[in-house]
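Residues 1 to 54, numbered by full-length UniProt numbering, are exactly what the sequence shown covers, in order.
The beta carbon of each residue, even a glycine, is placed where N, CA and C say it ideally should be.
Please read all numbers here as calculations on a predicted model, not as lab measurements.
Okay, structure first, notes after.
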Amino acid sequence: TFVYSLLTRGRPFPVVFLFRGFVFCMGNGLLQGYYLVYCAEYPAEWYTDIRFSL
């Protein structure tokens, strides 16, 4: 991140790359969230574990 910003030297960043990165992150978050909420099976002890409440 920091190296790329030094190499561009103030040139404008294409909006297409920004949009593609945004879409990728949204899709990735949606898929991971869907798996964690609907697909993963947790044991009954998980709900009383300290990690669940953090």
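Exercise. Do you know offhand how far F52's Cα is from C25's?
Worked result: Here the question's residue 52 lines up with position 52 in the sequence shown. Here the question's residue 25 lines up with position 25 in the sequence shown. Straight through space, the alpha carbons of C25 and F52 are spaced by roughly 24 Å.
Exercise. Could you give the distance in angstroms between the alpha-carbon of F17 and the alpha-carbon of R9?
Worked result: As a first step, residue 17 must be located in the sequence shown, where it is residue number 17. As a first step, residue 9 must be located in the sequence shown, where it is residue number 9. Approximately 17 Å between the Cα atoms of the pair.
For this session: Please classify E45: does DSSP put it in a helix, a strand, or coil?
Result: In the sequence shown, counting from the first residue as 1, residue 45 sits at position 45. Residue state for E45 is assigned as helix, using DSSP reduced to three classes.
Exercise. Is L54 helix, strand or coil when you go by DSSP?
Worked result: Mapped onto the sequence shown, residue 54 falls at position 54. Assignment of L54 by DSSP, reduced to helix, strand and coil, places it in the coil class.
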